[in-house]
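One rule links them: number in the numbering used here = place in the sequence shown (from 1) + 4.
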Amino acid sequence: MSSDTRILGIEGTAWAASAAVYDSTTDDVAIESDAYEPESGGIHPREAAEHMHEAIPRVVETALEHARKTHDGPATEPPVDAIAFSQGPGLGPCLRIVGTAARALSQTLEVPLVGVNHMVAHLEIGRHTSGFDSPVCLNASGANAHLLAYRNGRYRVLGETMDTGVGNAIDKFTRHVGWSHPGGPKVEAAAEDGEYVELPYVVKGMDFSFSGIMSAAKQRYDDGTPVADICFSLQENIFGMLTEVAERALSLTGSDELVLGGGVGQNARLREMLAAMCDQRGASFHAPAARFLGDNAGMIAVLGAKMYDAGDTLELAESRVNPNYRPDQVAVTWRGKSERSEDLEIGRETVQGAEALVDLEPDAGRVTKRREPKRYRHPDLDDRLRRERTTLEARLTSLARRAGVPTPVLTDVDPTDARLEFEYVGEADLRDGLSVERVRDVGRHLARLHGAGFVHGDPTTRNVRVGQTERPSRDGDRERTFLIDFGLGYHTDHVEDYAMDLHVFDQSLVGTATDPTPLREAVREGYREIGDHRVLERLEDVEGRGRYVTD
Numbered sequence: 005m006s007s008d009t010r011i012l013g014i015e016g017t018a019w020a021a022s023a024a025v026y027d028s029t030t031d032d033v034a035i036e037s038d039a040y041e042p043e044s045g046g047i048h049p050r051e052a053a054e055h056m057h058e059a060i061p062r063v064v065e066t067a068l069e070h071a072r073k074t075h076d077g078p079a080t081e082p083p084v085d086a087i088a089f090s091q092g093p094g095l096g097p098c099l100r101i102v103g104t105a106a107r108a109l110s111q112t113l114e115v116p117l118v119g120v121n122h123m124v125a126h127l128e129i130g131r132h133t134s135g136f137d138s139p140v141c142l143n144a145s146g147a148n149a150h151l152l153a154y155r156n157g158r159y160r161v162l163g164e165t166m167d168t169g170v171g172n173a174i175d176k177f178t179r180h181v182g183w184s185h186p187g188g189p190k191v192e193a194a195a196e197d198g199e200y201v202e203l204p205y206v207v208k209g210m211d212f213s214f215s216g217i218m219s220a221a222k223q224r225y226d227d228g229t230p231v232a233d234i235c236f237s238l239q240e241n242i243f244g245m246l247t248e249v250a251e252r253a254l255s256l257t258g259s260d261e262l263v264l265g266g267g268v269g270q271n272a273r274l275r276e277m278l279a280a281m282c283d284q285r286g287a288s289f290h291a292p293a294a295r296f297l298g299d300n301a302g303m304i305a306v307l308g309a310k311m312y313d314a315g316d317t318l319e320l321a322e323s324r325v326n327p328n329y330r331p332d333q334v335a336v337t338w339r340g341k342s343e344r345s346e347d348l349e350i351g352r353e354t355v356q357g358a359e360a361l362v363d364l365e366p367d368a369g370r371v372t373k374r375r376e377p378k379r380y381r382h383p384d385l386d387d388r389l390r391r392e393r394t395t396l397e398a399r400l401t402s403l404a405r406r407a408g409v410p411t412p413v414l415t416d417v418d419p420t421d422a423r424l425e426f427e428y429v430g431e432a433d434l435r436d437g438l439s440v441e442r443v444r445d446v447g448r449h450l451a452r453l454h455g456a457g458f459v460h461g462d463p464t465t466r467n468v469r470v471g472q473t474e475r476p477s478r479d480g481d482r483e484r485t486f487l488i489d490f491g492l493g494y495h496t497d498h499v500e501d502y503a504m505d506l507h508v509f510d511q512s513l514v515g516t517a518t519d520p521t522p523l524r525e526a527v528r529e530g531y532r533e534i535g536d537h538r539v540l541e542r543l544e545d546v547e548g549r550g551r552y553v554t555d
């Protein structure tokens with residue numbers, strides 16, 4: 005980044021009307037914000053837009069006055085080098101007000117425009133303040149929740165909410181209880197006096213869902229369960245889910261750095277869980293200062309400076325806002341090639357997976373898998389998940405073999421200790437040996453599983469083993485592709501679940517392949533040979549769903 009860049013950033017995606025000035029010489033960020041607060045319920049788009057219309061001129065003028073006072077150049081020069089604004093995602097009426105203000109300032113000051121993706125800004129402010137090289141980012145905001153990692157010029161979405169955002173999910177419960185907005189801090193306060201009660205816990209690969217747990221929490225409240233116990237358990241389960249998928253993303257990418265973004269990141273219990281998880285696996289964790297976690301113009305200005313220095317500016321004709329602007333649509337122009345190797349360490353005697361320690365003994369033809377207790381999870385929840393997943397993995401691994409899918413032979417299982425022993429198969433993870441034919445094989449394997457009435461649950465490029473084997477397949481081929489790790493699998497006859505299984509694998513290809521396009525087509529080709537065409541049709545629907553929701 006240039007040593008003397010000054011950017012005025014404007015944020016206005018939903019709640020916060022915010023403006024900031026970033027000075028790269030001093031790394032100083034001055035932020036002025038005016039947040040919309042509904043009288044009741046959640047966000048009202050019309051009211052939010054009215055607030056934005058009134059507040060944006062005020063916060064921009066305050067930020068601009070700061071820029072003028074701290075500008076040490078000639079008075080005839082503009083006090084900033086460019087205007088950065090949140091181009092999306094967000095509420096259309098709010099974004100349009102911000103876009104109009106940014107364009108007007110750009111023309112008045114005669115400086116360039118920079119269009120910033122709000123979600124990428126959450127990631128980049130964490131990367132900027134931490135000094136991390138190539139972290140995985142967990143964005144946990146009111147309207148969204150997803151995992152991002154950088155690969156081949158873009159931030160890839162590795163996992164995301166399949167229904168509502170994490171903050172909105174919590175707000176739905178607090179509205180049911182009768183608490184005013186925002187609900188998150190009230191849940192956090194009430195949880196201090198609570199005890200654990202069982203609630204749903206839904207993880208699908210690196211995707212997750214909050215609708216079931218919200219319905220169960222409301223029912224618990226209606227049935228008379230103390231609200232403090234429900235709040236405590238909501239935090240333990242929801243944040244446990246987010247922490248688990250964050251660990252899965254670290255395992256898949258090989259990263260040892262995690263940053264947190266989004267307003268929900270202000271919750272102390274979530275930060276505590278993520279820090280404990282990273283400490284247990286030897287990774288580094290960073291949460292930015294509170295003023296950078298909620299929606300704020302500071303992160304817009306900081307990323308705007310990086311983009312401006314990379315020459316990534318907009319013409320007026322290109323500055324239209326995009327309410328559905330996904331982070332994986334952004335061409336990342338401001339980053340060089342990572343100096344950290346993206347390759348996973350393989351060939352170790354003991355491998356740290358996403359949820360287990362795996363002892364590899366190729367000479368003995370044996371693999372031992374132990375689901376170690378997770379320090380970040382509540383002991384009752386952790387014990388239940390470890391036992392359930394160990395039992396499921398044993399059962400579904402055997403069922404998959406009966407359905408004609410190559411899997412390792414199970415030789416021993418101990419649900420109490422959450423330990424399994426398998427035959428050693430393959431020579432490497434698919435992640436380290438990607439090819440069109442191998443990926444096409446996975447498509448066929450998933451079709452066979454679905455035809456037998458269950459899903460894998462976590463079909464990633466790390467949960468497929470590939471290589472030569474002594475026992476040839478039925479067609480005489482010694483090249484085999486094995487599915488492993490069925491711990492998140494379950495029985496189902498729903499087309500939606502089968503499509504989600506394919507979606508999880510598709511996301512892992514995007515997150516790990518240098519050129520995922522031919523591989524993504526290959527998995528569909530393999531599935532099409534054996535599977536139900538309705539699943540592929542539903543997959544298109546799953547991929548087309550927008551995740552930026554504001555209910």
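Yeah, the Cβ is synthetic: ideal placement off N, Cα and C, and Gly gets one too. Only a predicted model underlies this, so the values are computations on that prediction, with no experimental measurement involved.
Item, Value
"Cβ-based burial, residue 368 [other Cβ within 10 Å; buried from 16]", "exposed"
"3-residue-minimum beta strand (DSSP E) runs that sit fully inside the stretch 122 to 175, ordered along the chain", "140 to 144, 149 to 155 and 158 to 164"
"Cβ-based burial, residue 413 [other Cβ within 10 Å; buried from 16]", "exposed"
"Minimum C-alpha distance to residue 149 - residue among 170, 514 and 129", "170"
"Unbroken stretches of the beta strand (DSSP E), 3 residues or longer, contained in the stretch 427 to 491", "468 to 472 and 483 to 487"
"Span of the beta strand (DSSP E), counted from its first residue to its last, around residue 285", "Element bounds for residue 285: not the beta strand (DSSP E) but the alpha helix (DSSP H), 272 to 285."
"Three-way DSSP call (helix, strand, coil) for residue 346 in this model", "Unreliable positioning characterises residue 346 in this predicted model, as indicated by a pLDDT of 40, which lies under 50. A coordinate reading is not provided."
"Simplified DSSP state of residue 35, which is helix, strand or coil", "strand"
"Boundaries of the alpha helix (DSSP H) in which residue 104 is found, first to last residue", "96 to 113"
"Distance between beta carbons of residue 240 and residue 385, contact taken as under 8 Å", "6 Å"
"7 Å CB neighbourhood of residue 343 in its chain, flanking five on each side removed", "Model confidence at residue 343 stands at a pLDDT of 38, short of 50, so the residue's coordinates are unreliable; what they give is reported in the following sentence. The residues are 137."
"Where residue 492 falls, given that 16 or more other Cβ within 10 Å makes a residue buried", "buried"
"Sub-8 Å separation of residue 263 and residue 184 beta-carbons", "no"
"Test item: CB-CB of residue 94 and residue 305 under 8 Å", "no"
"Option in 483, 465 and 443 with minimal Cα separation from residue 530", "443"
"Beta carbon of residue 417 nearer than 8 Å to that of residue 398", "yes"
"Local conformation of residue 225 per DSSP, three classes", "helix"
"Residue 172, buried or exposed, once every other Cβ within 10 Å from all chains shown has been counted against 16", "buried"
"Assigned exposure category for residue 130 - 16 Cβ within 10 Å defines buried", "buried"
"Beta carbon of residue 243 nearer than 8 Å to that of residue 277", "yes"
"Minimum length 3: unbroken beta strand (DSSP E) runs contained in the stretch 519 to 543", "none"
"Endpoints, alpha helix (DSSP H) assigned at residue 515", "499 to 516"
"DSSP state of residue 199 mapped onto helix, strand, coil", "coil"
"Helix, strand or coil at residue 81 [DSSP, three-state]", "coil"
"Residue 23 versus residue 313: straight-line alpha-carbon distance, rounded", "20 Å"
"Identity of the residue in 294, 288 and 281 nearest residue 271 by Cα", "294"
"Alpha-carbon to alpha-carbon, residue 232 and residue 194", "5 Å"
"Residue 254, buried or exposed, once every other Cβ within 10 Å from all chains shown has been counted against 16", "buried"
"Proximity below 8 Å, CB of residue 166 to CB of residue 207", "no"
"Nonlocal neighbours in the same chain, by C-beta distance under 7 Å from residue 524, ignoring five residues either side", "510 and 513"
"Pair within 8 Å by beta-carbon distance, residue 162 and residue 210", "yes"
"Selected residue, minimal CA-CA separation from residue 583, among 456, 445 and 377", "Nothing about residue 583 can be reported from this structure: the residues present for the chain run from 5 to 555 only."
"Option in 48, 39, 323 and 142 with minimal Cα separation from residue 331", "142"
"Contact check, residue 502 vs residue 470, beta carbons under 8 Å", "no"
"The stretch 67 to 82 touching the stretch 49 to 56, judged by at least three CB pairs closer than 8 Å", "no"
"Counted within 10 angstroms of its Cβ, other Cβ atoms place residue 356 as buried (16 or more) or exposed", "buried"
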